[in-house]
Every structure is written in C-alpha cells, then in structure tokens.
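See below for the structure under consideration.
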Ligand SMILES: Cc1ncc(COP(=O)(O)O)c(C=O)c1O
C-alpha cells in the first residue's frame, strides 16, 4: 500500500512545507499545520470498497495516513471501535437513532491511542527517537505505550491531580513522568523546556501535524460504519479539539475522494461549565477563544483553558451549523451511571459529558430527536475509578452492605 501524503500546509496563512522532515507548527506564523494528500490521484486509484476486507484497525485507511513505509507503523490494534445503537437511552430520550461510538476499547483505554499511533509512527519514520508530551493523562498513557512498542523514549508531563491510572501506566511502560503543580498549559511549558534542553520532540496537541491524522480516522470509521453516510449530529467532549477538527478534516477528504456525497453532520462541542472557552467564544460570535481563568472540572481531558486550534474548532462547528453546550460536574457524574446502567457502556467523565450535553440540547429543542445522533465516548471509566468512587476501602455510594455473617451455632452440650 502507499500513502498519498504530499506536503504540510498551514491552516491559517497557507504556507506549505515538506512532509519529509520534522515540523511542529507553521514556520511562518506559528499556527496549526495539516498533513495534505494527493486526493485527486487517490480518488482515481483507491476504491472505498477495498477497505472493507482490511484488518479492523485505523490503518485500514493507510492511503490517507501519513506513514510512507509500512514497517514504520507502530500499532497496538487501535481504531475500528464499535458504533453501538443506544436503544435504551434512546427510548428514555425519545431518540430512535442514538449511537455511542465507544472508544474505551482502544489500546490504553481511550481515543488518544489513535493520535499517538499516527504521531509515534511518523516520528519513527522521520528518525525521531525521544518524544515528550504534556497531557491531562490519557495522551501521556498512550505515548508511553506506543513508545514502548516502538522502542522509543517517552517523557510525559501531567498535572499532579491526573488520574492515578494514567500516572501508573506511564511509569509501568517505562516513560519518564513529571507531575506538575498546575494545569495542562503549565505542563506544556515544562514539556517544551525539557524538549529544548534534551533534544526531545514535543507532541503537544495540534502543535505537530500527525496526532490529528490518527484522530481523523474516527470520521472515516463513522462514515464507513453508517454505509458511507455521515451522522446528522456528533456530540464531542472538546478539550484541545484534535478530535473535532480531525473528524471535520476527514469529511473534507472523503468528499474530495468521492467516498461520501455530502456532509450532513452538525458538530456539537460539549465543555464543562468550569472550563468552557470554546462554548463561550461560540456564543460571543468570536473567531478565537479567550483563555478560561481558574479552570475546574472532574473531566480532566476537557480541562483545557486555551487551545492553539481554537479557530479550527470554531470554524468546524460553525461550518457544520453545530452548537456548543456546557454541563456541570454533577450532571457528568450522573450521566456516567445513566450510560452504564442503560447501555452497559461505562464511559469516562468526558464521554458522559456528551450525554449531559445531548439531554440539555434536546430539552432546549435545539436538536431533532429523529436525527442520527452519535455520542463520542472517548474513553473508559476504568481509568477514572479514583475520581468516580470514594476513597479506597470505603463502600462505593449505593453499594449494599455485606451480608451479616450467619451466627455461629451455639454449642449445646
Ligand atoms: C477522555 C478524553 N476525552 C476528551 C478529550 C479532549 O480531546 P480533544 O483534545 O480531542 O478535544 C481528552 C483529552 O485529553 C480525553 O482524554
């Protein structure tokens, strides 16, 4: 198979540069670089029907992935996650075509595996061997795992209050973990400083071109799973925004490839009311999002006060006729249980936020309940047990007490 990767292009000023050497952001203006493909050629030579017989990983879209030589692919089997028809929740909400794209089954338990599979593979191809990332937790876990598999060195920087599972998985996979007093932005500063000092390549969200290439495969998969149609609504828990802009990029590529005839999707960004810079900017009609002060939420992945790709996220939502919605931590916690008990899908807090957002938008009459709606559950709750349940050893709220021991029979002599 061959990749149709052609070059890199700045999403803001349009400057192009070579994809045969490492780049992070645009050399001219510092904004986000996208990988571009020779789509007219790919349109003539790649038949979407060929995809169906390929292995069930995101590498089934190899021609639209950025790795030139297959031997550089570092894969743990990521992608092609199930699209589940959420019949029970749908009944409760009056939505007949409600689906959950369950990313919890990815390697390392979250959709971050997609981005890191692509970025680590490409880094390997470009001869980079020492990588670093600031992370709310899941991206760090994914980087640690893919670097372990690829025989590369991983450095990760995460806030001290990141979920225990994320800290442990990084250490166990041999990454160098630095816990940071602060938020993701503070972790980002330290990661970049360390990169400059030690010659590491920094893979911060949208500050290199290839994590978005892995994330975009969610858009390809959704179309393939729906018979090469796009859903009417995607509800997405938005932090740095790689996923939302990646899906939007996939749609534009699929249109150019002739794999889909039209894009029908309204992109909905869900954020926490303790950190909602994108939703606030949407409501204000702004082209950029002001940094959110004093960001707080239990959904660590969407605790991103300032995103470099803010203009891309806002553009995707507006072009799609989409929306933004804020939800509270109490709603998120309630929806973890609602999704788990109705569907058997145990969502991460970020995934649960999408259900809270959907509920709100339906109540406001902002969404058509007859639409094909996809909730993106971006990870598994198993990585958040310290966040979701009370202290170790204590009975989880709602659990029954242990049965009283049967009384020992009295010895009657
Ligand atoms: C579970 C989870 N959901 C959502 C997000 C936000 O993702 P994005 O950067 O694509 O907006 C993250 C990011 O850390 C995450 O870990």
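Numbering (this note's numbering), first residue to last: 1410 to 1822. Where a beta carbon is used, it is the ideal one built from N, C-alpha and C, also for glycine.
Secondary structure within the region 1736-1782: the alpha helix (DSSP H) runs of 4 or more consecutive residues, fully enclosed, are 1738-1752 and 1758-1772 (chain order). Under the three-pair Cβ rule at 8 angstroms, the region 1461-1476 counts as touching the region 1625-1633. Distances from the CB of residue 1545 to the heavy atoms of ligand 1 include at least one below 7 angstroms. The beta carbon of residue 1465 lies closer than 7 angstroms to those of 1489 in the same chain, with the five residues before and after it left out. A contact is defined here as three or more CB-CB pairs under 8 angstroms, and the region 1690-1697 fails this definition with respect to the region 1502-1516.
Under DSSP, residue 1566 forms a beta bridge with 1543 and 1587.
Beta-bridge partners of residue 1786 (DSSP): 1511. In the displayed model, residue 1487 falls within coil according to three-state DSSP, outside both helix and strand. Here residue 1588 has 1569 as same chain residues with Cβ atoms under 6 angstroms from its own Cβ, once five neighbours each way along the sequence are excluded.
Per DSSP, residue 1412 has no beta bridge partner at all. If you ignore the 5 residues before and after residue 1448, its C-beta comes within less than 8 angstroms of the C-beta of 1413, 1662, 1665 and 1666, all in its own chain and listed in chain order. For secondary structure counted as the beta strand (DSSP E) over 3 or more consecutive residues, the region 1616-1666 holds these complete runs in sequence order: 1642-1646.
With 16 or more other Cβ atoms inside 10 Å of its own Cβ, residue 1516 counts as buried. Closer than 7 angstroms to some heavy atom of ligand 1: that describes the Cβ of residue 1759. Residue 1519 carries a strand assignment under DSSP once its states are collapsed to helix, strand and coil. It is roughly 14 angstroms from the alpha-carbon of residue 1639 to the alpha-carbon of residue 1653. In the three-state scheme derived from DSSP, where H, G and I count as helix and E and B as strand, residue 1553 is classed as helix.
Residue environment for residue 1670: exposed (fewer than 16 other C-beta atoms within 10 angstroms of its C-beta). Taken in chain order, the region 1695-1728 contains no complete beta strand (DSSP E) segment of 3 residues or longer. Residue 1533 is not bridged by DSSP to any residue.
The three-state secondary structure of residue 1525, taken from DSSP, is helix. Assigned with DSSP and collapsed to three states, residue 1609 falls in coil, not helix or strand. Short of 6 angstroms from the beta carbon of residue 1659, and not among the five residues preceding or following it, lie these beta carbons of its own chain, in chain order: 1625, 1628 and 1629. Selection 1523, 1519 and 1533 evaluated against residue 1655 yields 1523 as nearest (Cα-Cα). Here the distance from the Cβ of residue 1548 to the nearest heavy atom of ligand 1 is below 7 angstroms. Beta-bridge analysis with DSSP links residue 1419 to 1442. Spanning the alpha carbons of residue 1457 and residue 1430 requires a straight line of approximately 30 angstroms. Residue 1611 and residue 1601 do touch by the CB rule: their CB atoms are close to 6 angstroms apart, below 8 angstroms. Below 8 angstroms, enough C-beta pairs join the region 1471-1483 and the region 1529-1549 to call them touching: three or more. Residue pairing by DSSP places residue 1678 opposite 1645 and 1733 in a beta bridge.
Distance between residue 1770 and residue 1450, taken at the CA atoms: about 41 angstroms. Note on geometry: alpha-carbon atoms of residue 1497 and residue 1765 lie some 16 angstroms from one another. Counting along the chain, the unbroken alpha helix (DSSP H) around residue 1692 starts and ends at 1686-1693. Burial is judged here by how many other beta carbons sit within 10 angstroms of a residue's own beta carbon; residue 1544 has at least 16 and is buried. Partner residues in the beta bridge of residue 1492, as assigned by DSSP, are 1510.
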